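Undergrad: Keeping their order, the protein sequence lines are chains P and W. The numbering of the first sequence is my numbering, which starts it at 1 and goes up by one. The numbering of the second sequence is my numbering, which starts it at 1001 and goes up by one. Built from N, CA and C at the ideal position, the CB exists for glycine as well. What you are looking at is a predicted structure, and each value in this text was computed from that prediction instead of being measured.
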Amino acid sequence: MMSECNLLDVLSNKKVLCVEDEACILNNIMESLELFFGKVVGVSDGIEALDEAKSNLYDVLMLDISIPHMDGLEVVKKIREFDKKIPIIILSAHTEQEYLWRAVELKITRYLVKPYDKNMLIKALEDVAMELIGHTPMLQITSECKYDFCKKTICHQGELIHLSKSESRLLEYFLKRSNQTVTYEQLFDYMWEFEQPSKEALKSIVKELRKKIDNNFIKNLYGVGYVCEI
Amino acid sequence: MKYSFKIIVALFVVMYSIITLLFFNFYRELAMKDARQEAIFILDTMNAIRDYVSVVQRPLIDELKEKKMLAEDFFDPRLLSSSYITREIYNIQRAKKNINYDYKLIATNPLNPEHEGNSFENEILDDFKEGKYQEYSQIIKENNKPYFFVGLPIHNSHPSCLQCHTTNSAPKRMVEQYHTIPDFQSKVGDVIAMISFKIPVYSILTYHVKEFIVGGFVMFIVFVIFILFIYKIYKNELRLKEKTNMLMMSQNRLASMGEMIGNISHQWRQPLAQVGAILINLELHSDQDKLTKEKVTKKIAEANAQLAFMSNTIDDFKNFFLPNKAKKEFSAQEVIFQAKKLLSASLEKYAIDVSIDIQNNFIRSGYANEIVQVLINIMNNAKEAFMTHHSKDKQIKITAFLQNGVPIMTLENNAGHIDPAIIEKVFDPYFTTKESSSGLGLYMSQMIIEKSGATLRVENSDEGVIFTIIF
């Protein structure tokens, strides 16, 4: 089941925030991450990083510890106050116990010690991907319908249906918050970061998902948003 | 060694001279006392002979005269004159050459003109007559030569003396011999003359010369041994001091090397991380077949820029470690900037802001690297202080200025105070409050500063510590 699946493809519709104060390093990491992620944003100091993280747009965070104004671990601590789940990778040259202790408490996904190599980075990204999909690459949505996180496809009674990028992104957002109320505002933020979002556009994506999967698994909450029931 | 070797040797020489002087003086006194004892013994013998003549010989002659065994007018000084007899005994002794003293009898109005004293002798005789003293011993000068002089009075011990020394009662033959007989005009028991003993001081001393030489020599040997002993201790101390100094210097050198290597590693960490990031980026692009020629060229250029930076950094440190060959002129700004540059990575790491205020860019001559080393030491200490004293904005302020024409550099931080109880000790060797420190940094800094004729001071300021270098 897993063999033909590349875990890193999970990331292709995800957004990552990268924090590193050295412009050259930031640039290279961003270029590398762009190979895997749908979108990569880079910032270079702690306060900016916290502001960005609060915007609720990101699926993954990657931070250096030695950044100006507020150190990376401090930023993570503040983020953990409102988001317990977002996968975080720490990049650091520090191997001092003090830093490691602090990192452990923050439930980060990976602590990458500089200098790290490609394989370590790939492994870290795979961990992140696994975390994002709740360690189940194939999710049974309904009795007849399975979702493949890697390929972004639906297997409906043996029939393979492809999802568009925005469809898969929205679906994964719902799946992560199954049986929870998802407001329009949350979705607007997550789906359309800068462009003016519209309820019509959102409704059309939801409609498409219902058509491809099941009519009933996403329910309308009138005037508030949706709830995904699995 | 607290006291200089020269002072100790000088002290020893003075002590030695004093002891030698005392020793010789003591020996001389002893010799004089000996001589006096001997003189008095000789003079007493002479007096005893005189008494024998008066008490035994003369009455015997008188008896013989009465028995008509001798002519009535018999007179011969060889039998009757005590002065004559004693002088003859002296002459016999002298002829045998076993004496080196002058024996003389001095009398007022003597029969024999040889017994006429000089003014000094007469003075002493007068004093005897007046009974001022019972014996006289003194060192006197005659013809600029010192003599040891001892005098004893001769008492008019017997009536028989008066017989001959009175014109009326003097034997006829005696009158014929001497023509005039001066009167003694004195009673029995009166002082009529004195006998004296005179010996050159020189011959007393030459008699003891062997003891002097041996004594002096032994003392000299002891003195030399002492000096050698002290010299050896001094040498040892010097060697030990040199050793400790060398040890301290090498310890300090090791410590500062370690620190510098730490700084180099800080300086290199960033470019290394960048090259690493570039390589991973290239590899990932290559893996996914997205590596274009343009990208390779661009990334190589980026990596080369980092390598150039690393090369420059290592050159800076190499220059810093280059041994100083000659003194040269350097400016305040030059050394301050150099120190800041070498420490820049670790200062950045700990977010320490170093502000430099060159109010007067004075020029000094000396070993610039040593001054840089001191500045680095002080900044490093501040850096370590900041690690335990968590202040919000960490600052080091370096100022160079002239105060009444005196060039001064100050380094002030806001990393908290040094405990006033130990602030006096921070420059002591091996004094440290940190576990990993050698305690030599500030000691060496002060040594370096003082070697270049300046002074290094430390005080607590408002929020931290201020180091002042007064050139």
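Roughly how many angstroms lie between the CA atoms of K203(P) and I1352(W), to the nearest whole one?
TA: K203(P) and I1352(W): Cα-Cα distance of roughly 54 angstroms.
Undergrad: In chain order, what residues of the same chain have a beta carbon less than 6 angstroms from the beta carbon of E1459(W), not counting five sequence neighbours either side?
TA: Answer for E1459(W): I1466, listed in chain order.
Undergrad: How would you write the range of the alpha helix (DSSP H) that S166(P) sits in, first residue to last?
TA: Counting along the chain, the alpha helix (DSSP H) containing S166(P) begins and ends at K165 to K176.
Undergrad: With DSSP collapsed to three states, give me the class of Y1016(W).
TA: If DSSP states are grouped into helix, strand and coil, Y1016(W) belongs with the helices.
Undergrad: Quick check: what's the CA-CA separation for A1270(W) versus L1347(W)?
TA: The identity of residue 1270(W) in the sequence shown is Gln, whereas the question assumes Ala. Straight-line Cα distance between these residues: approximately 14 angstroms.
Undergrad: Ordered along the chain, which non-local residues of its own chain (more than five positions away) have a Cβ less than 7 angstroms from that of K39(P)?
TA: Excluding residues within five positions, the ones whose Cβ falls inside 7 angstroms are K15.
Undergrad: Determine the direct distance from the alpha carbon of S1445(W) to that of G1405(W), and round the result to whole angstroms.
TA: The alpha-carbon atoms of G1405(W) and S1445(W) are separated by roughly 24 angstroms.
Undergrad: Of the choices D1428(W), S1054(W) and G1441(W), whose alpha-carbon is the least far from that of G1258(W)?
TA: Considering only alpha carbons, the answer is G1441(W).
Undergrad: With DSSP collapsed to three states, give me the class of S1441(W).
TA: One point to set straight first is that residue 1441(W) is Gly, not Ser, in the sequence displayed. Looking at G1441(W) - three-state DSSP - the assignment turns out to be helix.
Undergrad: Would you mind listing the beta strand (DSSP E) stretches within the segment 1342-1408 of chain W that are 3+ residues and don't spill past its ends, in chain order?
TA: Those beta strand (DSSP E) runs which fall completely within the segment 1342-1408 of chain W and span 3+ residues are 1352-1358, 1363-1366 and 1394-1403.
Undergrad: Grouping DSSP H, G and I as helix and E and B as strand, with all else coil, what is E1088(W)?
TA: Three-state result, E1088(W): helix.
Undergrad: Could you please give me the residues that DSSP links to R1058(W) through a beta bridge?
TA: According to DSSP, R1058(W) bridges with nothing at all.
Undergrad: Flag this pair as yes or no: are the beta carbons of Y111(P) and I79(P) separated by less than 9 angstroms?
TA: For Y111(P) and I79(P), no; Cβs fall outside 9 angstroms.
Undergrad: Taking all protein chains shown into account, do 16 or more other C-beta atoms lie within 10 angstroms of the C-beta of T95(P), making it buried, or fewer, making it exposed?
TA: Burial call: exposed.
Undergrad: For the segment 1191-1202 of chain W against the segment 1008-1015 of chain W, do three or more pairs of beta-carbon atoms, one drawn from each stretch, fall closer than 8 angstroms, so that the two count as touching?
TA: At 8 angstroms Cβ cutoff, the stretches do not touch.
Undergrad: If you measure beta-carbon to beta-carbon, which residues of the segment 1246-1279 of chain W are closer than 7 angstroms to chain P?
TA: For the segment 1246-1279 of chain W, which is checked against every Cβ of chain P, the residues closer than 7 angstroms are R1269, Q1270, L1272, A1273, Q1274, G1276, A1277 and I1278.
Undergrad: Less than 9 angstroms between the beta carbons of H1266(W) and A1339(W), yes or no?
TA: It is not a contact, given that the beta carbons lie outside the stated cut-off.
Undergrad: Is the separation between the beta-carbon of G1151(W) and that of Y1136(W) shorter than 9 angstroms?
TA: Yes.
Undergrad: Along chain P, which residues have their Cβ under 7 angstroms away from the Cβ of E1435(W)?
TA: Simply none; closest approach about 16 angstroms.
Undergrad: So Y1016(W) and F1212(W) are supposed to be a Cβ contact under 8 angstroms. How far apart are they, rounded?
TA: Their Cβ separation, rounded to whole angstroms, is 16 angstroms, which puts Y1016(W) and F1212(W) out of contact at 8 angstroms.
Undergrad: Kindly list the residues whose CB is nearer than 8 angstroms to the CB of N1122(W), restricted to its own chain and excluding five residues on each side of it in sequence; keep chain order.
TA: I1106 and T1108.
Undergrad: With a cut-off of 8 angstroms on the beta carbons, I'd call E31(P) and N1304(W) a contact; round off their distance for me.
TA: No, E31(P) and N1304(W) are not in contact; Cβ-Cβ is about 18 angstroms, not under 8 angstroms.
Undergrad: Among the candidates S1054(W), S1437(W), P1059(W) and L1022(W), whose CA atom is the shortest distance from the CA of L1254(W)?
TA: The residue with the shortest Cα to Cα distance from L1254(W) is S1437(W).
Undergrad: With I213(P) and I133(P) assumed to form a contact (beta carbons below 8 angstroms), what rounded beta-carbon distance in angstroms separates them?
TA: Incorrect: roughly 17 angstroms between the Cβ atoms, too far for contact.
Undergrad: By DSSP, does L35(P) sit in helix, in strand, or in coil?
TA: DSSP places L35(P) in coil when its eight states are reduced to three.
Undergrad: When the cut-off is 9 angstroms and only beta carbons count, does K151(P) lie next to chain W?
TA: Answer no: the Cβ-Cβ gap between K151(P) and chain W never drops below 9 angstroms.
Undergrad: With distance defined between alpha-carbon atoms, name the residue in T1410(W), T1433(W) and A1415(W) nearest to A1421(W).
TA: Of the candidates T1410(W), T1433(W) and A1415(W), the one whose C-alpha sits nearest the C-alpha of A1421(W) is T1433(W).
Undergrad: Mind checking Y1103(W): buried by the 16 CB within 10 Å criterion, or exposed?
TA: Looking at its Cβ environment, which holds 16 or more other Cβ atoms inside 10 Å, Y1103(W) is buried.
Undergrad: What is the rounded straight-line gap between the Cα of Y1084(W) and the Cα of P1077(W)?
TA: So the two alpha carbons sit approximately 6 angstroms from each other.
Undergrad: If you draw a straight line from the alpha carbon of R1457(W) to that of D1315(W), how long is it in whole angstroms?
TA: Their Cα atoms are separated by approximately 32 angstroms.
Undergrad: Would you call the segment 179-192 of chain P and the segment 207-226 of chain P in contact, with 3 or more CB pairs under 8 angstroms?
TA: Touching, yes.
Undergrad: Quick one: which chain P residues come within Cβ less than 7 angstroms of L1284(W)?
TA: Those within 7 angstroms of L1284(W) in chain P are S32, L35 and K118.
Undergrad: If I measure Cβ to Cβ from E131(P) and keep anything under 8 angstroms in the same chain, skipping five residues before and after, which residues do I get?
TA: Cβ within range, chain order: P87 and T109.
Undergrad: Does DSSP put I141(P) in a helix, a strand or coil?
TA: I141(P) falls in the coil class under three-state DSSP.
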